[in-house]
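Letter by letter, the sequence shown follows residues 1295 to 1736 of our numbering. This report concerns only the one structure given below.
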Amino acid sequence: MLVPGCKKWSYGCGMCTFILICLAYLSYYTYHVNLSEARGLDDPPAVEIEVEREGTAYRSSYSRSQEVLQHCIPHLMHVSHDASFLREMENKKQALTNELSFTYGEWKQASGQKPLLPFIPTFMNTSNGQAEDQGFQFISFRVTDVNLPSGYSLQGNMVNVSAVLQVGCISTIVDKSTEEQDFLVQPGLTSLKIRMEGVYAELETGERVFCMLGSSRLPLRGKSASQPWDWLDSMSIGGSTFSPTLVDDLKLKAVVYFPRDLTLMSRGVFGRLESLHNTSESLYFDPVDLFSQLGPYSNYHFVAGDMVNAACTARDTKQGVDWLSSKVYRGKEFCSIAEDLLTTQLVDVLFNWNCSSSSAACNNFGPFLVPKELKSLMAEGLSGSRLLVQDFQCLISEESDESYTANVSAIMKNLLPFQNEGLVYHRSNFDILSLAVEGKEQ
């Protein structure tokens, strides 16, 4: 399926950091004629690793309050002070739990001598034959309790919170029957669960921050710095699951920052997971940076209206798309039609029809870039790539003349031919294969 306007959009906005899309190209005709041509995502493959089967049952005793304060003061220097904070928080507890949790964000660890986790790669089929699949480094964060009576001496917009942080690496869909454990490693999957307690605070800058200490059971490292997971070599993989020696670790710290509002330019979630051990201790690991974004539980704030109007008006005039005007659906059901069309299927990406060689120009897909480590797997360029739409939000408005307009936001992801569509569908990371978009039907 080729959405009208995609070719123009790709080349016109290839240098944009954020793209402004004109959804006037989404026509009633396209919806009815081409829907069956797309590959369906009505029942997207479910990634069965869960953040925490205890769900909201996990609640810390908050016995480490003084320790939390000691390690978190540097992150709480600019806490805002609002007399209504605690009163309003009583009504916002559930909303905060949903909005400030995420699944399948991404983590990165600078190359060093102390990796966080082992991973046993599997293999995948590519246009260059079989290649080792190093997996997707995922991190999920679930707020499980908001405790209003703060036991901290530091005053301000701050409350106690409990959370579960799950960090790991995954390359394939996981069988639902897989028993969840504090630590799990098997071919194609590593998962570590960390229970955390700490504080949630709202800062004068508008940012929202969690600063927490955690406890978990980490796999014991070997003595060799070059091969810390030497125990993998001596274990049988007959059952596909390894059972290493685990060591209790209470010296874990996580700091996670969320933006105040979800907009085109501010949606990123970032933070750090680090060990409080000395670098010479066996449980120490190099700091881990984490990335995600505000998701479907956040109300999107449309702030790029003037930019969209200017970009789309000039673009329509320049590109000459008046012939589409009679086929554009402008009714009050626009949002539901657009959501059905864009979020329940994968859209095939076609080469530009002017491409006649394997030059670099034929392997570009608008603003999307291919990670360096994956380029060697792309023997046929972008052939077979598909487009996936996430976090679609649409706001319909009735004008004074009884016509309707709609503001739309979404995340577009370029799904490479060899990537697991179930994993990409659920991921909340934001990388060079992702694009935040805002636009309008007009």
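Just so it is clear, CB atoms sit at the ideal spot from N, CA and C, and this is done for glycine as well. From a predicted model like this one, the values you see are computed outputs, not experimental measurements.
*CB contact flag (residue 1509, residue 1543, <8 angstroms)*: yes
Open item on the list: Tell me which residue opens and which closes the alpha helix (DSSP H) that residue 1593 is part of.
Closed with: Looking at the DSSP string, residue 1593 is not in any alpha helix (DSSP H), and its letter there is neither H nor E.
(request) Just the C-alpha distance for residue 1681 and residue 1397, rounded to the nearest angstrom, thanks. (result) 21 angstroms
If you measure between the beta carbons of residue 1504 and residue 1464, is that distance less than 8 angstroms? no
*asked:* Could you check if residue 1583 belongs to the surroundings of the ligand NAD, using beta carbon to heavy atom distance under 7 angstroms?
replied: Absent from the structure shown: the ligand NAD. Ligands present: none.
Could you tell me which of 1635, 1580 and 1636 sits nearest to residue 1408, measuring between CA atoms? Nearest option by C-alpha distance: 1580.
Query raised in the report: Does the separation of the CB atoms of residue 1709 and residue 1718 fall below 8 angstroms?
Result: yes
Check your understanding: Should residue 1663 and residue 1705 be called a contact, given that it needs their Cβ atoms to be closer than 8 angstroms?
Key -> With contacts defined by Cβ atoms closer than 8 angstroms, residue 1663 and residue 1705 do not form a contacting pair.
Just the Cα atoms here: how many angstroms apart are residue 1556 and residue 1538? 42 angstroms
From residue 1660 to residue 1678, what distance separates their C-alpha atoms?
-> 15 angstroms
Reference residue 1731; option with closest CA among 1624, 1642 and 1596:
1596
*In chain order, what residues of the same chain have a beta carbon less than 7 angstroms from the beta carbon of residue 1387, not counting five sequence neighbours either side?*
1440
*asked:* Let me check understanding here. Comparing Cα to Cα, which of 1507, 1592 and 1686 lies closest to residue 1638?
replied: Closest option to residue 1638, Cα to Cα, is 1686.
Quick check: what's the CA-CA separation for residue 1570 versus residue 1493? Whole-angstrom Cα-Cα distance: 18 angstroms.
Backbone CA spacing between residue 1522 and residue 1379 [nearest angstrom]
Their Cα atoms are separated by approximately 47 angstroms.
field: Residue burial classification, residue 1541 (beta-carbon count within 10 angstroms, cutoff 16)
entry: Under this definition residue 1541 is an exposed residue.
Per DSSP, which residues does residue 1704 bridge with? Please list them.
1731
Next item on the list: Using alpha carbons as the reference points, say which of 1723, 1734 and 1733 lies closest to residue 1400.
Entry: 1723
> Applying the criterion that 16 or more other CB atoms from any shown protein chain within 10 Å of the CB defines a buried residue, is residue 1438 buried or exposed?
Replying inline: Residue 1438 comes out buried.
| message | For residue 1499, count the other beta carbons within 10 Å of its own beta carbon; 16 or more makes it buried, fewer makes it exposed. Which is it? | response | exposed
Report the residue ranges of all alpha helix (DSSP H) runs contained in full by the region 1355 to 1424; include only those spanning at least 4 residues, in chain order.
List check, alpha helix (DSSP H) in window: 1359 to 1366 and 1379 to 1393.
Which runs of the alpha helix (DSSP H), 4 residues or longer, sit entirely within the region 1487 to 1531?
-> none
Since I believe residue 1414 is in contact with residue 1475 (beta carbons under 8 angstroms), could you give me their beta-carbon distance rounded to a whole number of angstroms? Contact between residue 1475 and residue 1414 is ruled out by a C-beta separation of about 16 angstroms, above the 8 angstroms threshold.
Assuming contact is defined by CB atoms lying nearer than 8 angstroms, are residue 1435 and residue 1457 in contact in what I supplied?
A contact, by the Cβ cut-off of 8 angstroms.
Exercise. What does a CB cutoff of less than 8 angstroms around residue 1383 pick up in its chain, not counting 5 residues either side in sequence?
Worked result: 1390, 1440, 1442 and 1453
Between the Cα of residue 1594 and those of 1689, 1489 and 1461, spot the shortest distance and give me the residue it belongs to. 1689
Q.
Please tell me whether residue 1584 and residue 1546 are closer than 8 angstroms, where the distance is taken between their beta carbons.
A. At the C-beta level, residue 1584 and residue 1546 stay beyond 8 angstroms of one another.
*asked:* Helix, strand or coil for residue 1628? Go by DSSP, reduced to three states.
replied: Helix, per DSSP.
One or two residues paired with residue 1680 in a DSSP bridge: 1642 and 1709
On the criterion of 16 or more Cβ atoms from any shown chain inside 10 Å, does residue 1572 qualify as buried, or is it exposed? exposed
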